[in-house]
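Report on one structure; see the data block that follows.
Residue numbers (the numbering used here): 238 to 619.
As structure tokens, this is what we get:
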């Protein structure tokens with residue numbers, strides 16, 4: 238009798254399982270474009286195991302270290318990102334009861350599917366990260382017109398990224414390129430809506446920037462310009478017509494000798510010109526909103542101009558030729574100073590307002606704490 242009951246129970250369970258899979262199959266075949274209870278099918282076959290990621294409250298899912306034969310189910314994705322390039326084994330991504338219109342960013346999917354047909358369902362897609370330029374070139378025309386953010390990151394380190402591949406992205410606002418050879422950089426003049434340019438460890442291979450100085454000045458909406466370790470820049474004349482710029486980082490370019498072009502940039506808030514050959518920072522005198530200033534490893538002798546920066550909170554000035562630090566006295570909101578080891582604690586105490594060195598804690602190795610305000614000391618170069 239007991240055995241019979243068990244058999245009946247097992248049959249019921251099997252029946253429920255069959256019903257479940259039939260329903261799943263119906264979902265997968267559903268062609269409803271608004272609510273697609275189906276999959277972004279990367280190899281057109283079902284998988285053996287599944288990961289059900291529910292209640293993604295921060296709307297960010299990072300896929301990493303996924304083994305063979307996995308089935309990934311996103312229940313509420315707004316941003317889906319694959320951080321690691323070794324997820325070659327992902328074969329199917331399932332969006333359960335998700336409005337694809339609400340997905341604005343797809344990160345790194347190109348690693349798994351060379352046919353980008355599925356992207357046409359993401360009608361509000363605005364951001365694509367960690368793609369190759371050839372993938373972007375083959376996007377549907379409608380997507381090209383609406384994409385605002387492109388990131389070509391280090392996953393394809395050393396490859397060539399050609400600006401011509403994205404020339405049709407007329408509404409592009411943000412571009413990031415890391416560890417690439419950059420081709421046809423002069424074509425950036427076509428992106429009139431650009432707000433952020435981020436180039437990190439990039440080699441510009443076929444453009445003489447001095448020739449294009451007068452052409453590459455269409456960035457009237459540019460607010461952030463970061464070109465860390467891009468040796469081909471000899472000046473920053475490219476910013477000639479970017480009065481709204483708020484963040485400037487040209488650290489490690491090494492070849493820039495003057496910043497005269499910045500004399501009328503009144504909206505600057507963060508400036509990093511470290512590791513160059515700049516001797517005069519007075520062109521920043523009208524940039525009264527600067528909160529963070531880094532001039533480390535330059536040839537600067539005079540920092541009188543910082544008196545104008547009433548909101549300055551952080552300043553980094555080691556490895557220059559500065560003799561007079563008294564301009565620091567006027568900085569009421571200063572929170573962090575970075576100096577080299579040539580400056581004595583006694584000298585700093587004489588210069589800074591009393592509130593900065595009250596209850597001082599002095600560290601002999603590399604830092605002195607003045608109350609809650611930190612004064613760090615870098616070891617001088619030999």
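Glycine residues also receive a C-beta, built at the ideal position from the N, C-alpha and C atoms.
For residue 583, the three-state secondary structure derived from DSSP is helix. By the Cβ neighbour-count rule, residue 576 is buried, with 16 or more other Cβ atoms within 10 Å of its own.
The alpha-carbon separation between residue 556 and residue 518 amounts to approximately 15 Å. Residue 455 is a Cβ neighbour of residue 429, given a cutoff of 8 Å.
For residue 554 and residue 542, the gap between their C-alpha atoms comes out near 13 Å. Spatial neighbours of residue 503 in its own chain (CB-CB distance under 6 Å, excluding positions within 5 residues in sequence) are listed in chain order as 523. As computed with DSSP, residue 491 is found in no beta bridge at all.
Per the DSSP secondary-structure output, residue 436 pairs in a beta bridge with 414 and 464. Close CB contacts of residue 500 within its chain, under the 7 Å cut and outside five residues either way in sequence, are with 520 and 523 (chain order).
A residue is called buried once 16 or more other Cβ atoms fall within 10 Å of its Cβ, and residue 509 is buried on that count. Counting only residues of its own chain and dropping the five nearest sequence neighbours on each side, residue 414 has a CB closer than 6 Å to the CB of 389, 398, 436 and 439. Counting the other CB atoms within 10 Å of its CB gives residue 560 a total below 16, which places it among the exposed residues.
The beta carbon of residue 441 is closer than 6 Å to those of 419, 422 and 469 in its chain, skipping five residues each way along the sequence. About 4 Å separates the CB atoms of residue 385 and residue 410; that is less than 8 Å, so the two are in contact. Per DSSP, the beta-bridge partners of residue 531 are 509 and 553.
Put simply, the backbone Cα of residue 497 is about 20 Å away from that of residue 528. Among the bridge pairs identified by DSSP, residue 560 is matched with none.
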